[in-house]
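**Q** Here the working numbering is used: the first residue of the sequence shown is 45, the next is one more, and so on.
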Amino acid sequence: MKSNIVLPSFDIANHASVIKKFNFIPSLFSTIYLSVIVLYQVAYSYIILFQKKDEFFWLVINFFHQWYFIEVVIWIIIWFLLYLLLQPVAEAWVITLIESYSKKDEWKYRVSQGFSQWILNFLPLFEYHNFMWLFRLLSIVTFYFLLLRVFGQDYAIIISIILFLYLLFAILVNLLFAYTKFFIIFEKKHVFEAISLSTQMTLTNLDITGKLYYTLFLVYARVFITIIIFTIFPIIFSALFSYITSQILFVIWAWILWIFFLVFLIIISHLNSVLEIFVEALWYNAYMENMKTFDFKKEKDKK
Numbered sequence: 045m046k047s048n049i050v051l052p053s054f055d056i057a058n059h060a061s062v063i064k065k066f067n068f069i070p071s072l073f074s075t076i077y078l079s080v081i082v083l084y085q086v087a088y089s090y091i092i093l094f095q096k097k098d099e100f101f102w103l104v105i106n107f108f109h110q111w112y113f114i115e116v117v118i119w120i121i122i123w124f125l126l127y128l129l130l131q132p133v134a135e136a137w138v139i140t141l142i143e144s145y146s147k148k149d150e151w152k153y154r155v156s157q158g159f160s161q162w163i164l165n166f167l168p169l170f171e172y173h174n175f176m177w178l179f180r181l182l183s184i185v186t187f188y189f190l191l192l193r194v195f196g197q198d199y200a201i202i203i204s205i206i207l208f209l210y211l212l213f214a215i216l217v218n219l220l221f222a223y224t225k226f227f228i229i230f231e232k233k234h235v236f237e238a239i240s241l242s243t244q245m246t247l248t249n250l251d252i253t254g255k256l257y258y259t260l261f262l263v264y265a266r267v268f269i270t271i272i273i274f275t276i277f278p279i280i281f282s283a284l285f286s287y288i289t290s291q292i293l294f295v296i297w298a299w300i301l302w303i304f305f306l307v308f309l310i311i312i313s314h315l316n317s318v319l320e321i322f323v324e325a326l327w328y329n330a331y332m333e334n335m336k337t338f339d340f341k342k343e344k345d346k347k
């Protein structure tokens, strides 16, 4: 397993410069999206805990009357649509480039090769991403905070138990569906047919799949690191606003913080990109290894 799956994946994550360059932009979009969700949760929790609803609504009403309101809304909509469209495109592209790198296919190992994969795999992967959103850690955490705000702290224990059980179920679902996107991309299967084949491959190769499943916890660790970073910066900025009375000093320190924030954003996006490539390469190599013993022709004959 180490020589067939782990070491080739490590080599791809370290030396496949084309994949790392391409995947940086999708990773940046993903990091920004995650940070926006985190900042929303932190800000809303702060408003509820410290009874700041009046100040918040005043800021919202004031924002509505600003000259740049429409421009900001348009840019948010454009960014959100790009994020939704870019994720399945980038995933198909990255997996295709990983395959080309692994097989030493220099012609296909180009960013331009991904255009055809976008056309062929966009709709099924887009459908798969929307379906799996129900079982993502970020979705579960967001839903958890939403339920706490709706029902209050009196139901916190019940909500925590229910969501913890759902998290365990989501982990099982992610384990069973781990190979779905590879069946979509390489075998051109529809979503639910690919899910069925992925479940069969997982159950017939439970040893390899179980050992690799820890990689999903690397992705979860990425989420928590991003949450910590994007929680610390607003706190520092708020403290700066409270304790620095000189306007000139405040502007200088604000610019310094923004520069540090952008540097952290770029570093985190790069690390996320490398981590995503490593995880995708691990599962690709596991898929290729499992296909050596998976009786795919027999499964096709059953259809």
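Even glycine gets a Cβ: it sits at the ideal position worked out from N, Cα and C.
(1) Suppose only complete runs of 3+ residues qualify. What are the beta strand (DSSP E) ranges in the stretch 209–250, listed by chain order?
(2) Would you say Ser-183 reaches chain C, if we count a Cβ-Cβ gap shorter than 8 Å as a contact?
(3) Using only CA atoms, which one of Leu-181, Leu-212, Ala-222 and Ile-228 lies nearest to Phe-170?
(4) How do the stretch 223–241 and the stretch 327–341 stand: do at least 3 beta-carbon pairs fall below 8 Å, yes or no?
(5) If Ala-214 and Phe-179 are in contact, beta carbons under 8 Å, what's the gap, nearest whole angstrom?
(6) Taking only runs of the alpha helix (DSSP H) that begin and end inside the stretch 107–192, which ones reach a length of at least 4 residues, in chain order?
(7) Whole angstroms is fine: what's the gap from His-234's alpha carbon to His-109's?
(8) Does the Cβ-Cβ distance between Lys-64 and Val-318 come in under 8 Å?
(9) Would you kindly work out how many angstroms separate the C-alpha atoms of Trp-151 and Ile-139, rounded to a whole number?
(10) Since Thr-243 contacts Thr-253 with CB under 8 Å, what's their CB separation in whole angstroms?
(11) When you compare each of Ile-300, Ile-142 and Phe-166 to Gln-131 by their alpha carbons, which one comes out closest?
(12) Which residues bound the alpha helix (DSSP H) around Phe-379?
(13) Rounded C-beta distance between Gln-311 and Ala-60? I'm assuming under 8 Å.
(14) Roughly how many whole angstroms lie between the Cα atoms of Ser-144 and Val-50?
(15) If you reduce the DSSP assignment to three classes, tell me which class Thr-337 lands in.
(16) Buried or exposed for Lys-147, going by 16 or more other Cβ atoms inside 10 Å?
(17) What residues in its chain sit with their C-beta under 6 Å from that of Ser-313, if we drop five residues either side in the sequence?
(18) Going along the chain, which residues of its own chain have a beta-carbon closer than 8 Å to the beta-carbon of Leu-326, five neighbours each way excluded?
(19) Excluding five sequence neighbours on each side, which residues of the same chain lie with their C-beta closer than 6 Å to the C-beta of Tyr-331?
(20) Taking 8 Å as the cut-off, decide whether the C-beta atoms of Tyr-88 and Tyr-127 are in contact.
(21) State the CB to CB distance for the pair Leu-141 and Val-62, rounded to an integer number of angstroms; the pair is presumed to be in contact (CB under 8 Å).
(22) With hydrogens ignored, establish whether the beta-carbon of Glu-115 is closer than 7 Å to any heavy atom of the ligand MN.
(23) Whole-angstrom Cβ separation of Phe-221 and Ile-239, contact assumed at under 8 Å?
(24) Can you tell me whether Asp-345 is helix, strand or coil according to DSSP?
(25) If Phe-113 and Phe-107 are in contact, beta carbons under 8 Å, what's the gap, nearest whole angstrom?
(26) Compute the Euclidean distance between the alpha carbons of Ile-69 and Asp-198, then round it to the nearest angstrom.
**A** In terms of the structure at hand:
(1) Counting whole runs of 3 or more residues, the stretch 209–250 contains no beta strand (DSSP E) stretch at all.
(2) The structure shown contains no chain C; it holds only a single protein chain.
(3) Start at 1 with the first residue of the sequence shown, and residue 170 comes out as number 126. Looking at the Cα atoms, Ile-228 is the closest of the given residues.
(4) Verdict: yes, contact present.
(5) Within the sequence shown, the letter at position 170 stands for residue 214. Within the sequence shown, the letter at position 135 stands for residue 179. Taking 8 Å as the upper bound for CB-CB distance, Ala-214 and Phe-179 are in contact here, some 4 Å apart.
(6) Within the stretch 107–192, the complete alpha helix (DSSP H) runs of at least 4 residues are 113–146 and 158–176.
(7) Reading the sequence shown from its first residue, position 190 is the one you call residue 234. Reading the sequence shown from its first residue, position 65 is the one you call residue 109. When only Cα atoms are considered, His-234 and His-109 end up about 47 Å apart.
(8) The count along the sequence shown starts at 1 and reaches residue 64 at position 20. The count along the sequence shown starts at 1 and reaches residue 318 at position 274. Result yes, Cβ atoms of Lys-64 and Val-318 sit closer than 8 Å.
(9) Taking the first residue of the sequence shown as position 1, residue 151 is located at position 107. Taking the first residue of the sequence shown as position 1, residue 139 is located at position 95. Summary for Trp-151: the model assigns pLDDT 49, below 50, so the residue's position carries little reliability; its value from the coordinates is reported in the next sentence. It is roughly 15 Å from the alpha-carbon of Trp-151 to the alpha-carbon of Ile-139.
(10) Here residue 243 corresponds to residue number 199 of the sequence shown, with the count starting at 1. Here residue 253 corresponds to residue number 209 of the sequence shown, with the count starting at 1. Incorrect: roughly 11 Å between the Cβ atoms, too far for contact.
(11) Here residue 131 refers to the residue found at position 87 of the sequence shown. Of Ile-300, Ile-142 and Phe-166, the residue nearest in Cα terms is Phe-166.
(12) Since the first and last residues shown for the chain are 45 and 347, residue 379 lies out of range.
(13) As a first step, residue 311 must be located in the sequence shown, where it is residue number 267. As a first step, residue 60 must be located in the sequence shown, where it is residue number 16. In the sequence under discussion, the amino acid at residue 311 is Ile, which differs from the Gln named in the question. With 8 Å as the limit, Ile-311 and Ala-60 do not qualify as a contact, their Cβ atoms being about 20 Å apart.
(14) The count along the sequence shown starts at 1 and reaches residue 144 at position 100. The count along the sequence shown starts at 1 and reaches residue 50 at position 6. Looking at the two C-alpha atoms, the distance is approximately 17 Å.
(15) Residue 337 sits at position 293 when you count from the first residue of the sequence shown. In the three-state reduction of the DSSP assignment, Thr-337 falls in the coil class, being assigned neither a helical nor a strand state.
(16) As a first step, residue 147 must be located in the sequence shown, where it is residue number 103. By the neighbour-count definition (other C-beta atoms within 10 Å, threshold 16), Lys-147 is an exposed residue.
(17) The residue labelled residue 313 in the question sits at position 269 within the sequence shown. The answer, listed in chain order, is Ser-71, Leu-72 and Thr-75.
(18) Counted from its first residue, the sequence shown places residue 326 at position 282. The residues are Ile-49, Val-50, Ser-53, Leu-256 and Thr-259.
(19) Position 287 of the sequence shown holds residue 331. Taken in chain order, the residues that qualify are Tyr-223 and Phe-226.
(20) For the purposes of this step, residue 88 is taken as residue 44 along the sequence shown, with counting starting at 1. For the purposes of this step, residue 127 is taken as residue 83 along the sequence shown, with counting starting at 1. No.
(21) As a position in the sequence shown, residue 141 is number 97, starting the count at 1. As a position in the sequence shown, residue 62 is number 18, starting the count at 1. For a cut-off of 8 Å, the C-beta gap from Leu-141 to Val-62 is around 6 Å, short enough to register as a contact.
(22) Of the ligands one can find in the structure shown there are none, so the ligand MN has no counterpart to examine.
(23) Taking the first residue of the sequence shown as 1, we reach residue 221 at position 177. Taking the first residue of the sequence shown as 1, we reach residue 239 at position 195. For a cut-off of 8 Å, the C-beta gap from Phe-221 to Ile-239 is around 6 Å, short enough to register as a contact.
(24) In the sequence shown, residue 345 corresponds to position 301, counting from 1. Its pLDDT being 49, under 50, Asp-345 is placed unreliably by the model, and the measurement read from it follows with that caveat. It is helical.
(25) Residue numbering aside, residue 113 sits at position 69 when the sequence shown is read from its first letter. Residue numbering aside, residue 107 sits at position 63 when the sequence shown is read from its first letter. Taking 8 Å as the upper bound for CB-CB distance, Phe-113 and Phe-107 are in contact here, some 6 Å apart.
(26) The residue labelled residue 69 in the question sits at position 25 within the sequence shown. The residue labelled residue 198 in the question sits at position 154 within the sequence shown. Ile-69 and Asp-198: Cα-Cα distance of roughly 43 Å.
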